[in-house]
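Residue numbers (the numbering used here): 29 to 331.
C-beta: ideal position from N, C-alpha, C; glycine also.
Beneath this line is the structure, given in structure tokens, with notes to follow.
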């Protein structure tokens, strides 16, 4: 259970100048995050632009990450696709690489009943029978909410270890813990409530902005574990100020995050895949402002 505690950046997709997935960028970002001391990585999720990638591309990305990170970080691979067959193929491939866990959003677009959603998740899990499984609850994007009844049904599967919870009410973390018991792992998803998620029982967090400022999330996690609660609201406010700045650009948030990595860390992950919007020229003001906020906050909290 310990290996699923702490700070898990949601890994970004790396593309070359032709828009193809980049081995060089993927490996560089993996090594960078290992050096930063994060506890694990969440591969090919929302931040990884997975819904715009082929099965083959997602396999190659995971292979490159595992080649760099195996035995060094806890790796959770998001394997959901928009059909069961491809999802099972990705799950089987992830298990063959010895990832620590797999995860999946519910099926999107068609509004399926809960028994169909449960079957989808259980079918995916069956393709990786020796690997723990995390349900991914992100109702604001998937259009499906993980209800108490659905989670109770999923807990019948012994491989279901818990939830990556990106719903906005932080009390959902407590609810899922109550249903699953002490052996349930729940990750906080919304970066803006990282501290609140920990307070509600999250064992750690998986988030899209972690990779550009892992120092701040690691510091917040350490403060929480050390019981220094008086500092937690302040560091969360500093994080949120950065997030609100990042989100104010016209281009995709992920394009902004990748440009900050390029500016601050000299890591080139390229741009984003259409239909996500690349940066506009006016967005560079926001990128630089956010980068300066990150620098100042890291300086403040490293003292």
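By a C-beta neighbour count over all protein chains shown, 10 Å radius and 16 as the cutoff for buried, is residue i buried or exposed?
i, result
"residue 184", "exposed"
"residue 102", "buried"
"residue 159", "buried"
"residue 302", "exposed"
"residue 194", "buried"
"residue 218", "buried"
"residue 275", "exposed"
"residue 313", "exposed"
"residue 196", "exposed"
"residue 47", "exposed"
"residue 135", "buried"
"residue 77", "buried"
"residue 52", "exposed"
"residue 84", "exposed"
"residue 254", "exposed"
"residue 208", "buried"
"residue 272", "exposed"
CB-CB under 6 Å to residue i, same chain, minus the five flanking residues each way: which ones, in chain order?
i, result
"residue 109", "115"
"residue 326", "243"
"residue 198", "221, 224, 225 and 228"
"residue 58", "93, 96 and 97"
"residue 140", "none"
"residue 145", "134"
"residue 259", "251"
CB-CB under 8 Å to residue i, same chain, minus the five flanking residues each way: which ones, in chain order?
i, result
"residue 65", "242 and 246"
"residue 120", "155 and 156"
"residue 291", "315, 316 and 319"
Determine the extent of the alpha helix (DSSP H) in which residue i is found, giving its start and end residues.
i, result
"residue 208", "199-208"
"residue 192", "First-last for residue 192: 188-193, but that is the beta strand (DSSP E), not the alpha helix (DSSP H)."
"residue 322", "311-329"
"residue 286", "281-293"
Kindly identify the DSSP beta-bridge partner or partners of residue i.
i, result
"residue 176", "Bridge partners of residue 176: none, in fact."
"residue 71", "105"
"residue 43", "49"
"residue 35", "233"
"residue 216", "193 and 233"
Closer than 7 Å, CB to CB, is residue i near chain C or not?
i, result
"residue 297", "The structure shown contains no chain C; it holds only a single protein chain."
If I follow the unbroken beta strand (DSSP E) through residue i, where does it start and stop?
i, result
"residue 66", "Unbroken run through residue 66: none, as it is neither H nor E."
"residue 300", "Premise fails: residue 300 is in no beta strand (DSSP E) and is neither H nor E."
Here's a check: name, in chain order, each residue in its chain whose Cβ is nearer than 7 Å to the Cβ of residue i, leaving out the five neighbours to either side.
i, result
"residue 123", "156, 158 and 159"
"residue 75", "38, 39, 40, 236 and 282"
"residue 205", "212, 214 and 229"
"residue 55", "92 and 96"
"residue 269", "321"
Quick check on the DSSP output: what are the complete beta strand (DSSP E) runs of length 3 or more inside the stretch 87-173, in order along the chain? Counting only runs of 3+ residues, the beta strand (DSSP E) found wholly inside the stretch 87-173 occupies 102-106, 129-132 and 161-165, in chain order.
Every unbroken alpha helix (DSSP H) inside the stretch 222-271 [4 residues or more]: Taking only runs of at least 4 residues, the alpha helix (DSSP H) segments lying wholly in the stretch 222-271 are 222-227 and 242-253.
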